[in-house]
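The next block holds one structure in the form of structure tokens; read it before the comments.
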Amino acid sequence: MLALAAAFVFALALLFDLADLSSGSVGVQTLIVLGLLLLALEMAGVGPARRAAWPRRRRR
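Last residue of the sequence shown: 60 in the numbering used here, with the numbers rising by one and none dropped.
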């Protein structure tokens with residue numbers, strides 16, 4: 001989930017950079033740092049727990 005948020009932030013940073021926009025104190029570099037922070041949190045395991053991609057088998 002945090003990786004998707006990071007991807008969105010990076011896309012927003014790219015659009016800001018291509019359009020040469022900045023919104024007050026929030027510029028391209030700030031968005032890039034925020035995206036890297038979100039990726040680091042995702043890699044550290046912070047966020048909602050994920051379920052296994054494969055179905056569990058019942059033991060009899």
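We put the beta carbon where it would ideally sit given N, CA and C, even for glycine.
- request: Leaving aside the five residues before and after L38 along the sequence, list all residues of the same chain whose C-beta is less than 8 Å from its C-beta, in chain order.
  value: L2, A3, A5, A6, V9
- request: Output the residue ranges of the alpha helix (DSSP H) runs that lie fully inside the stretch 16 to 51 and measure 4 residues or longer, sorted by chain position.
  value: 28 to 44
message: Please tell me whether F69 and S23 are closer than 9 Å, where the distance is taken between their beta carbons.
response: It is not possible to answer for residue 69, since the shown part of the chain is limited to 1 through 60.
- request: Evaluate L36 with the Cβ neighbour count: other Cβ atoms within 10 Å of its Cβ, from every protein chain shown; 16 or more gives buried, anything less gives exposed.
  value: exposed
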